[in-house]
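**Student:** Mapping to UniProt numbering: the sequence shown position 118 is 118, numbers consecutive.
All C-beta atoms in this analysis are idealised placements derived from N, C-alpha and C, irrespective of residue type, glycine included.
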Amino acid sequence: MTSAPDRPAAVLDELVVPGPTADLADRLDAVTAARPDAEAVTSPGESWTYAEVTATARRWARALRGHLADEPADRPVALAVEPTASAVVALLAVILSGRPVVPVDPMLPVERAALIRELSGGVPMDVAEVRQLGETDGAPEADLPTAGIDDPAVIFFTSGSTGRPKGLVHSHGAWLNQAYETRLALDLTPDDRLSLILPVSFGAGLDVLFMGLLNGATVCVYDPRVLGVGGLHAWLQEQRVTTVHGTPALLRAVLDHLPDGAPMKGVRLVTSCGEAIHSSQVEAIRARLDPGGRFTGVSGASEIGNLAFHRLDPDRPVPVGLLPVGRPAANKTIEVVDEAGVPVVVGATGEVAITSRFLARGYFGDPEQTAARFVRHPDGTTTYRGGDLGRWDADGVLHLLGRADAAVKVGGYLVEPAEVEAALLAFPEIREAVVSAVRPTDAVDGARTRLLAHVVPVETNQPVTPASVRRALRDRLPSWMVPAEVVMVPALPRNERGKIDRRALPTPPAPAAVDPAPGTETVIAAVWAQVLGLDRVGATDDFWALGGDSLAVEEMLAGVGTATGVGITTADAAATATVRELAALVDTRAGAAARVRTDVAGRLGRVAQAARAPRRPRRGAPSPQPPT
């Protein structure tokens with residue numbers, strides 16, 4: 001292709017659906033021919049034009065081919081990629097050499113990095129080695145191999161449910177399509193300057209890299225882990241960055257370090273990826289953009305790349321709560337299906353199924369798991385079903401509702417932890433929150449399963465306490481959805497990809513037993529113990545956390561009413577989760593001298609016999625189903 005520097009957009013518009021023999025080298029050549037002297041990638045102390053990137057990557061690729069000539073042709077290279085422009089060139093060189101690259105973050109723990117190299121079987125190398133080979137190799141120029149659309153280009157490893165990292169194989173076609181779909185969704189042009197502040201060992205970091213280079217834009221590399229978040233604002237201005245891409249946690253850190261009232265000048269677009277983002281954070285981001293600046297939520301997964309985009313133009317209101325996923329990415333079909341794989345109606349919940357030719361090729365070295373998640377079709381497309389639940393709204397926007405395997409039973413009710421997290425994040429005093437289900441090893445069918453919330457509060461003059469969080473939630477959620485325990489933490493632990501590491505969440509300290517006070521508290525504690533089949537109940541124990549459910553509540557209400565002579569309702573039980581809270585309510589209604597009958601045991605027996613609702617099982621027995 002001849003150089004056409006005066007018409008770069010016309011040339012770059014040729015990236016549509018990749019053909020059967022399209023590869024990343026062809027696209028890079030086309031961009032270089034259109035913009036040879038334009039800045040392709042920059043990092044502190046480095047700047048490379050497209051002509052320099054392409055020529056150097058090809059030279060290093062030829063040296064790599066000679067150096068690895070005795071290795072199996074399909075053996076990948078496990079490349080330690082520090083956040084520099086040179087590392088980008090080395091990564092491209094491995095791909096151009098005909099081998100898939102396994103990007104390894106040098107900041108990973110040594111054992112984790114070694115495990116990734118072991119699982120990938122890749123030749124371990126670093127950028128300095130690739131550079132040295134390329135600069136000292138005297139081999140004559142030779143043609144580099146041509147890859148097909150389905151040939152592997154990148155294998156990146158992400159956290160697996162078993163605790164071992166899993167490798168996802170992405171083809172040349174997948175990255176070409178990512179560049180195409182992001183150009184359409186984000187209105188990218190060759191004039192854009194993209195921030196690469198995510199590790200390139202992370203799928204979202206690779207996405208930013210390829211969407212920039214394959215669309216003729218400039219990729220600006222900065223690692224806040226090394227250089228600090230505090231310098232990001234000055235760096236954004238210095239590099240004239242126009243589009244900022246990060247996880248919600250990273251974007252929050254960027255905002256926190258902006259000077260008071262300072263906007264992100266010149267930034268026309270901010271995108272969030274990696275996990276769901278709350279409307280309050282989107283509003284905070286939009287408040288710091290120049291007039292006309294836009295926010296777009298990008299949803300995806302390691303197995304599929306980008307799933308959907310939620311574009312919020314400046315005049316569009318932000319939907320309250322967690323931002324919906326949005327509309328499908330180009331060349332990807334999304335369906336919400338039932339267990340039989342049949343699409344459900346608008347508004348109904350089902351599993352999200354994605355079909356495209358440009359998904360991951362599967363899990364590296366794990367054909368069994370690949371076959372379980374990826375279904376190949378004769379036309380070359382693949383359908384992936386990963387267990388995510390979702391629904392379409394009337395406007396054609398996809399909402400994710402958690403995972404099919406994430407729902408838990410609490411007090412006999414099915415609860416989605418993500419729904420509780422959304423309720424927590426709706427409070428302006430809470431910065432971040434994650435909700436987990438804690439189930440004792442001797443629990444049966446959800447008995448005594450309880451919710452545990454880890455909360456990062458916003459620093460204010462009014463401190464947020466576990467008690468205040470639970471009180472606020474009771475106004476919004478049914479009692480069984482209110483976490484039995486709230487742990488305040490300064491920050492949530494995150495893995496190397498910036499996602500919350502649930503395994504590293506701190507274990508809450510065992511609560512100290514609080515004996516019930518004589519009188520009403522002691523009576524109510526005795527009622528609870530009999531209804532729930534427990535030896536003892538403390539004054540601050542939570543009825544739902546102890547295993548109470550909708551059936552046990554009715555029996556408990558009858559027992560407390562008979563024992564104290566004070567009538568209480570289901571609404572009262574929902575508003576007073578502990579023995580102490582319920583006792584205070586009873587005493588208030590009965591007056592200062594609440595008449596507590598002394599024949600508690602006998603009366604409880606008569607209550608249980610007269611109003612024999614189906615009892616909650618004692619430990620070890622199966623639980624009945626809750627009413628629906």
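Consult DSSP for Pro478 and reduce its assignment to one of helix, strand or coil.
**Tutor:** DSSP places Pro478 in coil when its eight states are reduced to three.
**Student:** With DSSP collapsed to three states, give me the class of Pro263.
**Tutor:** Coil.
**Student:** Taking Leu92 as the reference, give the member of Ala404, Thr569, Thr56 with the closest Cα.
**Tutor:** Nearest of Ala404, Thr569, Thr56 to Leu92, Cα basis: Thr56.
**Student:** Have a look at Ala262 and Ala340 and give me their C-alpha separation to the nearest angstrom.
**Tutor:** Those two C-alpha atoms are separated by around 53 Å.
**Student:** Is the Cβ-Cβ distance between Phe427 and Ala472 less than 8 Å?
**Tutor:** Cβ atoms of Phe427 and Ala472: closer than 8 Å.
**Student:** In three-state DSSP terms, what is Glu351?
**Tutor:** In this structure, Glu351 counts as strand in the three-state DSSP scheme.
**Student:** Would you tell me roughly how many angstroms separate the C-alpha atoms of Val523 and Leu534, rounded to the nearest one?
**Tutor:** C-alpha separation (whole angstroms): 14 Å.
**Student:** Starting from Pro152, follow its DSSP beta bridges and name the residues at the other end.
**Tutor:** For Pro152, which the question treats as bridged, DSSP gives the partners Ser171.
**Student:** Whole angstroms are fine: how far does the CA of Asp541 sit from the CA of Val579?
**Tutor:** Their Cα atoms are separated by approximately 7 Å.
**Student:** Going by the DSSP bridge assignment, what does Glu238 pair with across the sheet?
**Tutor:** DSSP, once it has assigned bridges, lists no residue as partnering Glu238.
**Student:** I'd like to confirm the pairing. Which residues does DSSP put opposite Ile334 in its beta bridges?
**Tutor:** Bridge partners of Ile334: Ile354.
**Student:** Three or more beta-carbon pairs under 8 Å between the region 76-91 and the region 41-60, yes or no?
**Tutor:** Segments in contact, yes.
**Student:** Residues in the same chain with beta-carbon distance under 7 Å from Ser279, minus the five sequence neighbours each way, listed in chain order, please.
**Tutor:** If we look at Ser279 and ignore the five residues flanking it on each side, its Cβ neighbours are Val318, Pro319, Val320, Gly321, Leu323.
**Student:** Entirely within the region 186-249 and at least 3 residues each: give me those beta strand (DSSP E) ranges in chain order.
**Tutor:** Those beta strand (DSSP E) runs which fall completely within the region 186-249 and span 3+ residues are 193-196, 218-221, 243-246.
**Student:** Could you compute how far the alpha carbon of Leu186 sits from the alpha carbon of Leu269?
**Tutor:** Computed Cα separation, rounded: 8 Å.
**Student:** Which residue or residues does DSSP assign as beta-bridge partners of Ser43?
**Tutor:** Paired residues: Glu46.
**Student:** Using three-state DSSP, classify Trp392 as helix, strand or coil.
**Tutor:** Strand.
**Student:** Counting only the same chain and skipping the five closest in sequence on each side, list residues whose C-beta sits under 7 Å from that of Val123.
**Tutor:** The residues are Leu68, Glu71, Arg75, Val77, Ala78.
**Student:** Among Ala577, Met556, Ala504, Gln178, which one has its Cα closest to the Cα of Gly481?
**Tutor:** In the sequence under discussion, the amino acid at residue 481 is Met, which differs from the Gly named in the question. Minimum Cα distance to Met481 is reached at Ala577.
**Student:** Which runs of the beta strand (DSSP E) at least 3 residues long sit entirely within the region 264-292? Give them in chain order.
**Tutor:** For the region 264-292, whole beta strand (DSSP E) runs of length 3 or above, ordered along the chain, are 269-272.
**Student:** Sort Gly212, Thr460, Val169, Pro490 by Cα distance to Thr370 and report the nearest one.
**Tutor:** If we check each option's Cα against that of Thr370, Val169 comes out closest.
**Student:** By DSSP, does Ala179 sit in helix, in strand, or in coil?
**Tutor:** DSSP places Ala179 in helix when its eight states are reduced to three.
**Student:** When the Cα atoms are used, what is the spatial distance from Ser302 to Glu554?
**Tutor:** Roughly 47 Å between the two C-alpha positions.
**Student:** Under three-state DSSP, which class holds residue 709?
**Tutor:** Because the chain is modelled from 1 through 628, residue 709 falls outside the range shown and cannot be assessed.
**Student:** Hey, Ala204 and His172 are a contact pair by Cβ (cut 8 Å); roughly how many whole angstroms apart?
**Tutor:** With 8 Å as the limit, Ala204 and His172 do not qualify as a contact, their Cβ atoms being about 19 Å apart.
**Student:** Specify, as a first and last residue, the run of the alpha helix (DSSP H) that Val523 falls within.
**Tutor:** Start and end: 520-532.
**Student:** Does the Cβ-Cβ distance between Val127 and Val81 come in under 8 Å?
**Tutor:** Yes.
**Student:** Over the uninterrupted alpha helix (DSSP H) stretch that includes Pro417, give me the two end residues.
**Tutor:** Per DSSP, Pro417 belongs to the alpha helix (DSSP H) from 417-425.
**Student:** What residue range is occupied by the uninterrupted beta strand (DSSP E) comprising Leu312?
**Tutor:** Where Leu312 is concerned, the enclosing beta strand (DSSP E) stretches over 305-312.
**Student:** So, for residue 634: in the same chain, excluding its five sequence neighbours on each side, which residues have a beta-carbon less than 6 Å away from its beta-carbon?
**Tutor:** Examination of residue 634 is not possible in this model, given that the chain is present from 1 through 628 alone.
**Student:** Would you check if the region 148-158 and the region 200-214 touch, i.e. whether three or more CB-CB distances between them fall below 8 Å?
**Tutor:** Yes: the two stretches touch, three or more of their Cβ pairs being nearer than 8 Å.
**Student:** Excluding the 5 residues preceding and the 5 following Leu492 in the sequence, name in chain order all residues of the same chain whose CB lies nearer than 7 Å to its CB.
**Tutor:** Answer for Leu492: Glu432, Val434, His454, Val456, Ile500, listed in chain order.
**Student:** Would you mind giving the Cβ-Cβ distance between residue 642 and Thr189, rounded to the nearest angstrom? I have them listed as a contact below 8 Å.
**Tutor:** What the structure shows of the chain is the stretch from 1 to 628, and residue 642 is not part of that stretch, so it cannot be assessed.
**Student:** Which class does Leu326 belong to by DSSP, given the choice of helix, strand or coil?
**Tutor:** First, the amino acid is wrong: residue 326 is Gly here, not Leu. In this structure, Gly326 counts as strand in the three-state DSSP scheme.
**Student:** Label Asn331 either buried or exposed according to how many other C-beta atoms from any shown protein chain fall within 10 Å of its C-beta, with 16 as the threshold for buried.
**Tutor:** By the neighbour-count rule (16 or more Cβ atoms within 10 Å), Asn331 is buried.
**Student:** On a CA-only basis, which of Gly134, Val469, Pro44, Arg470 is nearest Pro224? Give me that one, please.
**Tutor:** Nearest option by C-alpha distance: Pro44.
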